[in-house]
Amino acid sequence: MPNVLFVCGANRFRSVIAEEQFRQLLRAYPTAGMWQVESAGTWAEPGLPPLPQALKFCQKHEWSIENIRSREVNQKILANANLILTMTQGQHEALRLEFPLIKRKLFLLSEICESQKYDISDPSETPDVSWEEVGSEVCALVRNGFFRICRLALSDAGKN
Numbered sequence: 003m004p005n006v007l008f009v010c011g012a013n014r015f016r017s018v019i020a021e022e023q024f025r026q027l028l029r030a031y032p033t034a035g036m037w038q039v040e041s042a043g044t045w046a047e048p049g050l051p052p053l054p055q056a057l058k059f060c061q062k063h064e065w066s067i068e069n070i071r072s073r074e075v076n077q078k079i080l081a082n083a084n085l086i087l088t089m090t091q092g093q094h095e096a097l098r099l100e101f102p103l104i105k106r107k108l109f110l111l112s113e114i115c116e117s118q119k120y121d122i123s124d125p126s127e128t129p130d131v132s133w134e135e136v137g138s139e140v141c142a143l144v145r146n147g148f149f150r151i152c153r154l155a156l157s158d159a160g161k162n
């Protein structure tokens, strides 16, 4: 079963939206039930619901994320993932240093989806960027990179 993990800082906005966008795209395929799609945060406080801004963004798309709860990345979550996609270079670097065995399956979301390495802003830390803009950017990246994400995750799943 291929497993894709989206990672941000708190696991309450960007990674949750990426997780749900990917899950929605998978639904168009008969093999959707074979996939595991998850999210986590590099410094998440476990058990918190998505931020109100994430809930509002997803409601516009008629997506339900109310049952998702934040969780912090750990060895088990990372080991189970076939592909790990971070929102920022800082998150990527932190995971690479703390968990060196995952480096072959660790990428920036922007790197996979646009072949460019750049950070996806955290709207809670960047006042000049709106929540809506960031949510839309995350969704666009996941949509544009959907088939590449699938190929990479399936490729790694075949090695296990």
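If you're matching positions, the sequence shown starts at 3 in our numbering and goes up one per residue.
Virtual Cβ for every residue (Gly too), placed ideally from N, Cα, C.
None of the values given here were measured: they were computed from a predicted structure.
### Message
If you measure between the beta carbons of ILE122 and LYS107, is that distance less than 8 Å?
### Response
no
On the premise that PHE24 lies in contact with ILE104, defined as a C-beta separation below 8 Å, what is that separation, rounded to the nearest angstrom? In fact, because the Cβ distance is near 19 Å, the residues do not count as touching under 8 Å.
Self-check item: Three-state secondary structure assigned by DSSP to ILE67
Solution: coil
From this set, VAL6, ASN69, LYS161, which residue's C-alpha is nearest ILE79's C-alpha?
VAL6
Quiz prompt | Identity of the residues DSSP links to LYS42 by a beta bridge | solution = Reading off the sequence shown, one finds Ala at residue 42, where the question assumed Lys. Bridge pairing for ALA42: VAL9 [DSSP].
Original post:
Is the stretch 88–96 touching the stretch 52–70, taking contact as three or more C-beta pairs under 8 Å?
Top reply: no
For GLU135, name the three-state secondary structure that DSSP assigns. helix
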